[in-house]
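Undergrad: Protein chains in written order, with full-length UniProt numbering: chain A, 1 to 320; chain B, 1 to 320; chain C, 1 to 320; chain D, 1 to 320. Note that CB positions come from ideal geometry on N, CA and C, so glycine has one too. Because the structure is a prediction, the values reported are computed rather than measured.
1. To which residues does DSSP link residue 262 of chain A through a beta bridge?
2. Are the beta-carbon atoms belonging to residue 236 of chain B and residue 29 of chain D less than 8 Å from one another?
3. Could I get the ranges of all uninterrupted alpha helix (DSSP H) runs contained in the UniProt domain "VOC" (153 to 274) of chain D, with 4 residues as the minimum, in chain order?
4. Once you ignore the five residues that flank residue 355 of chain D on each side, which residues in its own chain have a CB closer than 6 Å to its CB?
5. Put residue 73 of chain C into one of helix, strand or coil per three-state DSSP.
6. Please name the residue in D/184, D/187, D/83 and D/194 whose C-alpha comes closest to that of residue 177 of chain D.
7. Cβ atoms of residue 55 of chain A and residue 119 of chain A: under 8 Å apart, would you say?
8. Say whether chain B places a C-beta atom closer than 8 Å to the C-beta of residue 148 of chain D.
9. What residues of chain C sit near residue 143 of chain A, judged by a beta carbon separation below 8 Å?
10. According to the Cβ coordinates, are residue 276 of chain C and residue 224 of chain D closer than 8 Å?
11. For residue 16 of chain D, which of D/231, D/141, D/159 and D/147 has the nearest alpha-carbon?
12. Just the Cα atoms here: how many angstroms apart are residue 226 of chain B and residue 266 of chain B?
13. Taking the beta carbon of residue 142 of chain B as the centre, do at least 16 other beta carbons fall within 10 Å, making it buried, or is it exposed?
14. Would a check of beta-carbon distances place residue 330 of chain B closer than 8 Å to chain D?
15. Can you pull the DSSP bridge partners for residue 14 of chain A?
16. Mark residue 169 of chain D as exposed unless 16 or more other C-beta atoms lie within 10 angstroms of its C-beta, in which case mark it buried.
17. What's the C-alpha gap between residue 206 of chain C and residue 186 of chain B?
18. Shorter than 8 Å from the beta carbon of residue 48 of chain B to some beta carbon of chain A?
19. Can you tell me whether residue 26 of chain B is helix, strand or coil according to DSSP?
20. Return the first residue and the last residue of the beta strand (DSSP E) that residue 59 of chain B is part of.
21. Taking three-plus beta-carbon pairs below 8 Å as touching, is the region 287 to 303 of chain B in contact with the region 244 to 259 of chain B?
22. Strictly below 8 Å CB to CB, what residues from chain B border residue 228 of chain C?
23. By the criterion of Cβ-Cβ separation under 7 Å, what are the contact partners of residue 152 of chain B in chain A?
24. According to DSSP, simplified to helix, strand and coil, what is residue 308 of chain C?
25. For residue 300 of chain A, list the residues DSSP reports as bridge partners.
26. Determine the burial state of residue 97 of chain D: buried for a count of at least 16 other Cβ atoms within 10 Å of its Cβ, exposed for fewer.
27. Could you check whether residue 313 of chain B and residue 217 of chain B sit closer than 8 Å to each other, using their CB atoms as the reference points?
28. Can you tell me which of the three DSSP states residue 317 of chain A falls into?
29. Just the C-alpha distance for residue 259 of chain B and residue 157 of chain B, rounded to the nearest angstrom, thanks.
30. Give a yes or no on whether the C-beta atoms belonging to residue 201 of chain C and residue 274 of chain C are separated by under 8 Å.
31. Can you give me the Cβ contacts of residue 22 of chain B inside the same chain, cut-off strictly under 6 Å, excluding the 5 residues immediately before and after it?
32. Determine the contact status of residue 139 of chain A and residue 292 of chain B, defining contact as a CB-CB distance below 8 Å.
33. Measuring CA to CA, which of C/184, C/241 and C/208 is closest to residue 309 of chain C?
34. For residue 231 of chain D, which residues in chain A fall below 8 Å Cβ to Cβ?
35. In angstroms, rounded to a whole number, what distance separates the CA positions of residue 316 of chain B and residue 19 of chain B?
36. Helix, strand or coil: how does DSSP classify residue 140 of chain B here?
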């Protein structure tokens, strides 16, 4: 009889984004994306979408270069967190415990094989809206802002890595993440992976870094309620002078309706909508995309812009 | 330290709907809702939405009266199914094993305290589309039909019950369902409950049956990708002469964007959209709605039509 | 051979709205509806939607009571304006010339049979956006505001009148307005009329005032690009504490997708969307709705709230 | 004082499309686009969208090569038609009267300077829906089909021409069409024109034919109610194996939300949505786009595919 699925991690909780232009990045996330500032500490500002239940889903930190500081997953229970820590200790991937951060309690840090920092935590601070941000309906975390793009909640992130297979095995074995879709080249090389902890079809993705650099970041994504809102977001980005890299269009992989822009610090940011698509099967069989299939472009035939395959943060010289 | 959540059931798999007008009901589900027939056996026709991954999500069975034959939940693993069966045996709620049905393997039957039949199973048949229904994108179960309302997948169902609290305890203790929202009257009586097994904010709901009857059914619901599609569905129902009971409008409870109609057999059918709303917190604290809050009507103020509080299937004389 | 249609008036240009709470009304139109202030003079503030081509489409004037100050139609040419003035002079409906107002040149005033003031003008000031409101695309009047409901342009208005037929004849004979739909009761009484000067299916409507009062106002309406935006507007009104009277729903008459609220001064305000529906036929035959047909309620069956039939501005005691 | 605008033509009524694969083209328009057949005569099938008020908006005619047979404009009155005929006679552009066709009465034919045939008519047959296609709401021409893309009504067409300026002058002087947007190259050459007879921002467009061929056709366009429906149309085209050339995306010119495909006969077909955008100003000043502005690509930055600039029907060898 097959092993039972490991269900210790509940969902992607937040990520830390590094920016060399902290003031401009902050204005982008608050004024254009419509996020709410929910804390400041040191060189960091904490931000949230109106439906994120935790205090924040984005930690924006001033740094010399853009990129991702760390990603953080919330465990399903204290016991589940302990099990993950026990499994990681001594593997060489483990870093160790921290006291936590604004918004959450003690966290265990580790590194994926490509060097990205991954944080695991359970204790968290539920967002308590101040009076002026209290929603009309009590089953909502915060008032709908009616400002800019009005992003709802953190949806997923995408990292770059030299060896996708190695990272897939790490997230499967140690964190219990489930692969839902992947790209496998004709020579058997894994070129992309989409993994989930939830009924969302992915909580994070990894795609290949062709530059030889390590620990780089591709994009973070906030969810909106409809494709119509993504289209309107494109209008708002255009008016605000935010560079649009690609979209709105529909990915063949995961069928995500996407729109990619660059925030002022240089990081790629996506807004997306997936309609009512969910992965409900507990034994989902990963979809494998071939080289030939990927050459067809996006779902409705748009060719992928070159920068999407090469640009990441921090940027690498010669790879725009 | 608190107990860990029980995660043995994965999701609502299908339900059996009884109809005294099997031919007309079938035409409604196929021609108007846009579902696909995927099997016939005995007095039953098996039906599916284009994104349901299992062979069917609806078993439509000829019967003297409308109502629900049974609801079925898929377990997360064979071991998980065994644990649920072990817990149920001898409680008085258990009925026993069946050999299964078209589309799924052996199933364990039980009854909730109000008498509705609940089926648990693990082995299932993944839908294999015939050539003419193969989708263009391999991560989709079936070709988009482009016919009628084009319902995507089974979303949830709603039963009526005399004692909501008793049923809540049954689903929490024996099946590991999690309460996300409820209505509690001023005298402490529970009047409605919304429970989930997934990241959807509910997979089924129970609301009070004021007639004294047992085991009655309120509605089943298919999901569409956008609110715009729900609005278009209203146009299509109007053109097809399908009686619209209520909506499109937005529920305050769960914020579901809803539209209720009656299929020819007399059962209430809903199409809904919830946007990007998901329950990601593993420790979600149930939202409790009071009598006063419910008196405000739906989210945008529409008064709930009386029949919504009284009509169920099978119908009870004197309660239209 | 039939007469040729009279085409002297081009479209509804603006209206003057009276409010006893000018500051709160202004905040509603700017912060909630997302309009832009484009001038002040005396007790009036001039406002515009982001796609109105003239300087303003709404003149908001402080007054003791809510209601409509006047409605204004732009003529198609100077010659066309002269023809309309010549036709009106001496009819008893004519008031006379004014020097114009902020945003437009000399205007001829008249009164409809119910006493509403109607202004005709040709010379107008095209809106010139200041640098911070310049749009990214040069075929757009102003930057998309990304604030609140983001109303696009003035769509239509609705007055109340004791005798609909008399007012219809006035607008047909003297102003060349074309009737597209009407309600005619079983005894032959006309109970509502929808008239147009454009390819929009109506630029204004009149419905019956049962109170015996004269010159009252029912509502003004701004257009949004999609039904999805109307639904989002409902969320925004809910969050802002703006009272929603009715909707979102679809009228049977004209098939308008509507949402009615009250602005702080007491006037009814609508946001609407009509999709791609246009009246292209130059010889459109008016649609006549009977009493029986109107009793069916709105397009999808929602019953019309009572206040919609009785409340107008200024309010009349005993008719809430 | 300036001349008054000429308003003799009301709107684009229909066009005749030539196809070398009449059966496959017919299946495309009926099964995929969701149009309704409303007549047959000779080698032609007559088709309509569900909101076209005339009997047909498309005459599909078997021919050796794809392309446009003729375009047809409905006059605003019999007198208006006579005035246009009087103006055209003897200009060298005039062809003469025909007895009419299925669906409309006597028509006057002429040729634009590039050789496209233009038909003018007034008498028309209003569509009378057979019982099974009667709509639920009497202000609608036909039941919503709920099949395929469900195109609503003919929106516009686009021809190719060697000399845009010459064609612009023809349509302005003889037919009273109004220019709303145009492309003018740095050397003063006009490279594209968008003209209207209505409040729609264009009823037809002409863009440059670089091949030296004459009388060629670029595309015809049907309108849908929302951008969401255009996105769903892309899914439906993908499933049906219809080649998508470009989109969905937003044009900078006219801000049309577009999606271009090829019908089986080789003609380019577009579905579009323009939201609530209308040209209400009777004295609209044409928007002039420069070479530099056009190089920016579409509204949200997508580069225009090469075939869009070169392919037309009938095709010209060496210009795919």
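TA: On the basis of the coordinates in this document:
1. A/268
2. no
3. 164 to 175 and 227 to 240
4. Chain D is shown from 1 up to 320; residue 355 of chain D falls before or after that span and cannot be answered.
5. strand
6. D/194
7. no
8. yes
9. 239
10. yes
11. D/159
12. 26 Å
13. buried
14. This structure cannot settle anything about residue 330 of chain B, because the visible part of chain B is limited to 1 through 320.
15. A/72
16. exposed
17. 46 Å
18. no
19. helix
20. 58 to 62
21. yes
22. 226, 227 and 228
23. 276
24. helix
25. For residue 300 of chain A, which the question treats as bridged, DSSP gives no partner whatsoever.
26. exposed
27. yes
28. coil
29. 14 Å
30. yes
31. 62
32. no
33. C/208
34. 227, 250 and 257
35. 16 Å
36. coil
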